[in-house]
Structures are given as structure tokens and as C-alpha cells.
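Just below is one structure, and these are the notes that go with it.
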Amino acid sequence: MKRCQIKYISPKAFALIPNIHTVDLSFNNLTISALRQGLKGFNGSSIEHLDISNIISSKKPQTLPRHLFRSLQNTKLTSLKIRSWNLNEVNGNIFQNLSCLHTLDLSMNKIYSFKMKGLSKIRLLNLTWNKMIYLPEMCNNQNRSLVPKLNKLYLAINHLLDSQDFQKQGHCLPNLFYLNLSFNLLDRIKSNSFSTLKKLGILRIGNMLTYDLVIEEDALNSKTLKMLFLGSYKRVSKDTFNPKTLFKKCRQLTRLEMSKFDFSDFSIENFRVMISPLKNLKELILRQNNVNNVPDTSNFPNLTFLDLEGNMIRQVHKDFFQNNTQLRSISLKRNQLTTIRQDTFTDEMWRDPNLSIDISYNPFACDCDLEWFIIWANKKGIISKNSDYQCYSPEEWKTTRLDIHIQSLKTSCHPVNRVFITVLTIFSFMFIFLFGLILAWKLRWDIKYYLHTCRWKDERRSRYQKIIDNELIEYDGFVAYNTRDRKWIMSELVDVIEQKEHYKLCLHERNFLPSCAHVDNILESIEASRKFILVLSNNFMSDQWCNYEAIIANHKLADGNGDRIFLILLGKINSKHFTTALKTLLKAVENAEWTLNENGKKLFWKKLKRFMEK
């Protein structure tokens, strides 16, 4: 009965269905009084699962009445969901008489105080997206556990400050196996934080809401930990963690996911040293890490799954996989691979019928080096099932599927007859004729850079700066972009403007607080920024939030704030996206087009830096 606009439930409504098992009353308009009356019909029934999330529309802080669930005492209720009630304090005694209850979901509230007494039979407790600053007291006055059966604890998206709360109370969490602490305010994972959790098997500590994250030595000390999920947008430096000791005290890991760190300065040797203690590793996931090389996994004979999606890998060599006899699944999706040759992997891996390789969304050069792989992938049915295997070059084949050109490659990559040579000669003269035009196009950025340098060499410009209330300014620039352009934002824009030029940028994935509405986050962040940078792309144009930010930019232009706006054109943009408003912006404010040409890059960064200096 989800989203039925129910306002009242008769006490007899469910009394006529004694064998009822699961009830979903979420997203209705019930008051607490109406809910209490409706729950009376469950007395003595077979109900096991009840969802009463999002039924309280009041914006005032709520508390759970002491006897709200009295009519459920004689039931076998095992699972209860109370999401989005605007709760701020919860006393576990309210659930004490629900003798079979073992799963309690109180996520998406505003809980800052939680008393665990009365939850001795709870196995799963979900407190995701609340306002917890400290870990609730898990011990009673006799220092004994209040939750001896608690197996899974979700504390993601809270305001937790000290990871050592778990070390201090670990003895009162004797059966805790799963712990999720992602998206909190922890800026330091302290030594031995989880060492007293004697049965901890799965730990998630990724994407903290602080700008910097430091992992102290022995922070991951655990003899039982099997799966670890780490994540951060920070560039890895000597202050982040010590790669030699990071995993020294958690040698039982079988799955390691370490995503969204910036490992662009990490060498193959750094990786080898870091993961070498993990002899039992079966699954290794390193997504979106700016990794330039495939880590050497030859010392992990039990490895079955390797995921390197979204990195900067340009080549792979079979030497890295010599001892991986169990490796069955490899993902190199969204990297910089231009070809896959037969010596990329070992012969044993190519012959394995269970081998799964995903190298989609790479800039393939459809030439003779790739012919072998296309034939192999066709036999496996990989390309036909996935249209994301496309040619990036030559230009005339760009965005077309690899297997379409297999016959052309067979003809061009093997001995040909005289007719073909004659035709090739004719076309060669045609290409020479067009060479001049192509050369001018290829060197257009060098020409622009030269003209720009000459023009600005001796020119002096008068500058003025508008009076800005510095007390309201928190960032040097607000960056409006689509999430799918994250790789360029982090590897180029953040690297130059923040790391090298020391400006502070506002990025929605990093700086927006989850407790605020997205619209409010956007408006407040723009007002708190000196500059407004829009990263235009086809992804940007098709995103409703990005379009909303573009509308705000037009309003800023109309208000005479055009000098605060800068447009970045990230790649070729489809003409259908150029609205009248966007054309107005392009004509009225400064803009620059991103290119891979070296002189073009210099011109791009000069424009952007000059804009940030104003």
C-alpha cells in the first residue's frame, strides 16, 4: 500500500488477514495516532516485515512514543523500517518487547542520540544518513554488551569524528561482522581503530566528507578482516598513508576495493610493496585511480577477479599475469588502451573458455595490431553483445563498432594484388592534394598560440575588481559539470587550479553536504564562490541539474556579473544543444576550448589562470 495517500487505518483492517506476512505502508500521510490505531489489527497475526517509512510529513523533530508498537508484541515481526520520520532521539526500549525483531532500519532521519538498551536481539541496525557524532554506547553499566547479537552496523553518511570509538567499545560488539563508515567526517583513521572487533569481516571506509584523509600506521589492524572498501578523492602522498605498512596487519583480506584515490604518482614498485602482504587476495578492484600501469599481480596465485576500470592505462603485458592461473575476470574498461595484442595476456589465459575480459570504452586504433583481438572477441561473442567496442582511429571509422571492419583489416593487413596497389596509389595523390588543408587544421592550436603570444607580449591591460563581501566567499570558483566528466575534472582542472595554483574549487561530489537539498547546495555554493566555471560537454547538456546551473549563469550575466563566469568547452558539442541562452553566454563571457595539443593546452591554462586572477 505504498504511496496510496492513506490517512486513516481502521483497527480492524488487518485483523481479517491473520496470515499476513509483509506490509508496506511507506509514503502515506499517517499521523502517529492514526498509525497506532492501525497497528492494533496486527495483534496476534503472522506479520514478519513492516515498512512505515516516510509517513510523517511534519518538519518538526519527532520522537517515537513509548507504546507505539505495543500491539505488535504478540507477533513474529523480524524486520521494521522507519525511514525519514525526522527523528532526532531514539530509545531502544521502545522495541524491547518485539521479541523476534532482528532487523531495524532508521536511516534518513536526523538522529544524534541513540540509546541501545532494549536491542539485545538486534542483528542488523541501519543508521545511514543521520547526524551521529559519536558511536552510541554499546555497553551497559557493568561494561557488558547491550547488543551481543549485532552482526551488521550501517553508519554511513553521518558526522562521526573519531574512529577510535570502535576500539574503545569493540569488546561490546562481539559478533559485529559488517561495518559501513563511508561518507563521514573522519579525517584520520587512527591506529588500531578496529583491532578489538574480533569478528569483523567486511569494512567500508570510503569517500569521507573531509578534504584530506590520513590513514595511520596499523589503522587497519585486524586478524579477521576479509573484505575492505576504501575510497577517497585525495592525491596519494607520503602524508596519506605508508604503502609499506598499510596492509601489514590485515593479511587475511580476500577482497580489496581501493577506488577514487589519485595514484598518478605511484609506480609499479609502489603498488607491489603496498599489496604484497595480501597473499590470500582473490579480488582486487582499483577503479578511477589515475593508475598508469597494471599492478604486478603475479604473486597472487589465488586472484580470480581484477577490476581496473576508469584509469589511465595505455598498455598491458603478460609478464604481470604469469602466475595468475585462477584469474577469470578482468576489467580494463574506460582506460587509454589503443590495442590488445596476443602477447597482452598469457597463452593459457587466452585458451581458458571461462575467461571474461571487458575492455570497452577504450580509444582503439583499428589497425593490423588489433585484428587478432577482433577475431578472438568475435568468436567469444564479446563485441556483438556490447556495442561499446568502437574505433577511435582512423578518423573515417571513428565511433563504428570494431567487428564491422574485420574484412577491411584482413585485406589491408595481408599481401594484396596489383589492382589494390594501383587504387592505393591514386588515392595517395588525392591525399597529398589535401595535405595542406589537413596540416593547417592539425596545427591550428600552434597558430593560435603564436598569434596570442604576439598580441599579448607588450600589451598592458587596465584591470578593476568589483567590491565583494569577503566574509561570504568560501571558494575561489564553483565548477558546474556532469559526473561523467569527473575524470577530466579531477586529473586536469583540480590538478592545475587547486594543486598547482592553490585556488579552492567547489565540486558538488566533494563539497555538497548530503543533509541539504541539491537546489540549496547549488545556490549557496555559487553565492559562496568568486567565480562560476561551467564545463560544457554533451554530458553536461543532457543533464537537468547542469541545465539548471546554466540558467543561473544566464541570470548572473543579466545582472551584470558576466566577468565572474567562464565557459570550458570539453570536446565537440552537438549543435542541437546550442540554445539561444547558451549562444548568448558564449558571446558575452570568456571561454576556452580544451584540446590535447600542447600549445593549445598552454593557451587554455593561460586564459583560465588570467580569469581566476581577476
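For what it's worth, numbering that gives the first Met the number 0 labels the leading residue of the sequence shown as 0, then goes sequentially. Ideal Cβ positions, reconstructed from N, Cα and C, are used throughout, including at glycine. The structure presented is a predicted model; accordingly, all values stated were derived computationally and were not measured.
A direct Cα-to-Cα measurement between K247 and N206 gives close to 22 Å. Per DSSP, A479 is one residue of the beta strand (DSSP E) stretching across Y474 to A479. Here the alpha carbons of S98 and T74 stand approximately 8 Å from one another. By the Cβ criterion, the region 561 to 573 is not in contact with the region 511 to 522, since fewer than three pairs of Cβ atoms, one from each stretch, lie closer than 8 Å. Residue pairing by DSSP places H48 opposite T21 and S78 in a beta bridge. A straight-line Cα-Cα distance of about 35 Å links D104 and S330. Less than 7 Å separates the beta-carbon of Q341 from that of W371.
In this structure, the straight-line span from the alpha carbon of Q166 to that of Y480 is close to 40 Å. The C-beta distance from L29 to S70 rounds to 15 Å, too long to meet the 8 Å contact threshold. By the C-beta density criterion, H404 is buried, having at least 16 other C-beta atoms within 10 angstroms. In the DSSP assignment, M226 falls within the beta strand (DSSP E) that extends over M226 to G230. Cβ contact annotation for F539 (same chain, cutoff 6 Å, sequence separation greater than five): N481 and C545, in chain order. Counting of Cβ neighbours within 10 angstroms places R82 among the buried residues, the total reaching 16 or more.
The C-alpha of L145 lies about 10 Å from the C-alpha of G91. For K586, there is no enclosing beta strand (DSSP E); the residue is found in the alpha helix (DSSP H) stretching over T579 to A587. For V89, the enclosing beta strand (DSSP E) has its first and last residue at E88 to N90. Taking a contact as a CB-CB distance under 8 Å, the pair A218 and S236 does not count as one, their CB atoms being some 16 Å apart. Burial check for E548: the Cβ neighbour count within 10 Å reaches 16 or more, so the residue is buried. Restricted to the region 141 to 184, the beta strand (DSSP E) segments that are unbroken, complete and at least 3 residues in length are 151 to 153 and 177 to 179, listed in chain order. Taking all protein chains shown into account, R203 has 16 or more neighbouring C-beta atoms within 10 Å of its C-beta and is therefore buried.
Annotation for L302: L280, K281, L283, T296, N323, Q325 and L326 place their beta carbon closer than 7 Å to its own, counting only its chain and skipping 5 residues before and after.
Non-local C-beta neighbours of V493 in its own chain, meaning closer than 6 Å and more than five positions away in sequence, are absent.
When beta bridges are read from the DSSP output, R254 appears opposite M226 and E282.
Per DSSP, reduced to three states, the secondary structure at L302 is coil, with no helix or strand assignment. Rounded to the nearest angstrom, the Cβ distance from Y111 to N96 is 25 Å, too far for a contact under 8 Å. Taking C-beta separations shorter than 6 Å and ignoring five residues to either side along the sequence, the partners of P242 in its chain run N269, V272 and M273, following chain order. With contacts defined as CB atoms closer than 7 Å, F531 and C505 fail to qualify as a contacting pair.
Membership of S524 in the alpha helix (DSSP H) is indicated by the continuous run H517 to E526.
Take the alpha-carbon of G117 and the one of S44: they are about 23 Å apart. I188 sits away from S221, with the two beta carbons spaced by 7 Å or more. Inter-residue distance for R400 and H316 is about 25 Å (C-alpha atoms, whole angstroms). Inside the region 102 to 140, DSSP marks whole beta strand (DSSP E) runs of 3 or more residues at positions 102 to 104, 112 to 114 and 123 to 125, from first to last along the chain. For A364, the three-state secondary structure derived from DSSP is strand.
In the DSSP assignment, I31 falls within the alpha helix (DSSP H) that extends over I31 to L38. In the DSSP assignment, C390 falls within the beta strand (DSSP E) that extends over C390 to S392. Inclusion of S78 and N53 in the CB contact set at 7 Å is not warranted, their separation being larger than that value.
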